[in-house]
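Numbering (this note's numbering), first residue to last: 84 to 441.
Structure first, then comments.
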């Protein structure tokens, strides 16, 4: 994880600190967003539960809350009750925004949701603030990530970069900058809460909690997430993976295929053969697919207009972009923005539909 300034060195691991800073109990408030990631939540809660066991007491406590009250449905379809609406929190408390598969509601720059107001108020009162999975989007909209380092689930990385260019994004499991912490979600929540345990109760306690989960080694800020292209696209050939990485990095201003090939020391014919062999597609069509998938994510999870989305994905003509988008996802960009269903990026049908992408 990327460690910022304010957390400081881990506390000494002594019995006198079993109650945390100054012997006080630590309070965690988990604010659940619609379609929150259940794995992120349970990973954090289990870490706190085992932390209490390691401290032989109830040094930490937690509550579940939601804007407007509950119950709240997770992305897995499991509904959890909450203990009420958003409570006041300040020094000695940590509020945790648990995101998932539903983006925060779109607002104009002059609008803020009650949740965003609450986050800012708690931060002003001295509460630590954390976000799991897509919760970083909510923190950014609340203004807490401005000129700070952060991370987010990879699916929302482009959205956060486009909508909040003042945020310094890192492809890491966790980022801690001052008293604002972000996690990419899933099991990386364990890493973040182990770090908090180390800060508040000492390295020895944190290590005991990690050993309970057989969690060795704890990831550091030097370590990025595992090979994303292998996981997300099933690409194992090094040259093909490097070519696709170049395509993803230049979605807004697409490169010519011959330039990509030249950058890898290949001829255009060689890269064509590699793509057909390993991806079953031409480089040009695959590049278009990458840009359309990016457009799909931006339309679903950002405030960008259709015209802005087209430009952000390297399409100079909105009409051309709309035609390709409809061919790929079965719905126009404008209709998707209004909530019409569409094929998901990565859908196997996209490859068949892509035969008409030119």
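Idealized CB from N, CA, C, for every residue including glycine.
Judged by DSSP secondary structure, residue 278 falls within the alpha helix (DSSP H) whose first and last residues are 271–284. Following the DSSP letters along the chain, one finds residue 257 in no alpha helix (DSSP H) but inside the beta strand (DSSP E) bounded by residues 257–260.
Going by beta carbons, residue 258 and residue 233 fall inside the 7 Å limit. Check the Cα spacing between residue 347 and each of 327, 133, 378 and 255: the tightest is with 327.
Minimum Cα-Cα distance from residue 109 among the listed residues 175, 416 and 421 corresponds to 175. Of the other Cβ atoms in all chains shown, 16 or more fall within 10 Å of the Cβ of residue 255; this residue is therefore buried.
Three or more pairs of CB atoms, one per stretch, sit closer than 8 Å, so the region 136–149 contacts the region 277–292. According to the DSSP secondary-structure assignment, residue 177 is paired through a beta bridge with 111 and 211.
The Cβ-Cβ distance between residue 374 and residue 396 falls below 7 Å. The Cβ-Cβ distance between residue 202 and residue 112 does not fall below 7 Å. DSSP places residue 374 in the uninterrupted alpha helix (DSSP H) bounded by 366–384.
Using a Cβ distance threshold of 7 Å, residue 199 and residue 223 do not count as a contacting pair. Its chain contains 241, 334 and 396 as the residues whose beta carbon lies nearer than 7 Å to that of residue 377, once the 5 sequence neighbours on both sides are disregarded; these appear in chain order. Judged by DSSP in its simplified three-state form, residue 183 adopts strand.
Annotation: the continuous alpha helix (DSSP H) that includes residue 131 extends over 121–137. The alpha carbon of residue 354 has as its nearest neighbour, out of 404, 143 and 321, the alpha carbon of 321. In the displayed model, residue 205 falls within a helix according to three-state DSSP. Considering only 196, 127, 352 and 362, the residue with the shortest C-alpha distance to residue 323 is 362.
Taking 7 Å as the cut-off, the beta carbon of residue 268 is found closer than this to the beta carbon of residue 236. Cβ-Cβ distances below 8 Å link residue 341 to 351 in the same chain, with the five nearest sequence neighbours on each side left out; the list follows chain order. Per DSSP, the beta-bridge partners of residue 264 are 213 and 259.
Closest in alpha carbon position to residue 171, among 359, 197 and 238, is 197.
With respect to the C-alpha of residue 122, the residue from 231, 273, 337 and 154 having the closest C-alpha is 273. Beta-carbon to beta-carbon, residue 416 and residue 382 are separated by about 6 Å, close enough to satisfy the 8 Å threshold. A check of alpha carbon separations from residue 166 across 160, 185, 184 and 146 identifies 146 as the nearest. In this structure, residue 227 lies near residue 263, with their beta-carbon atoms less than 7 Å apart.
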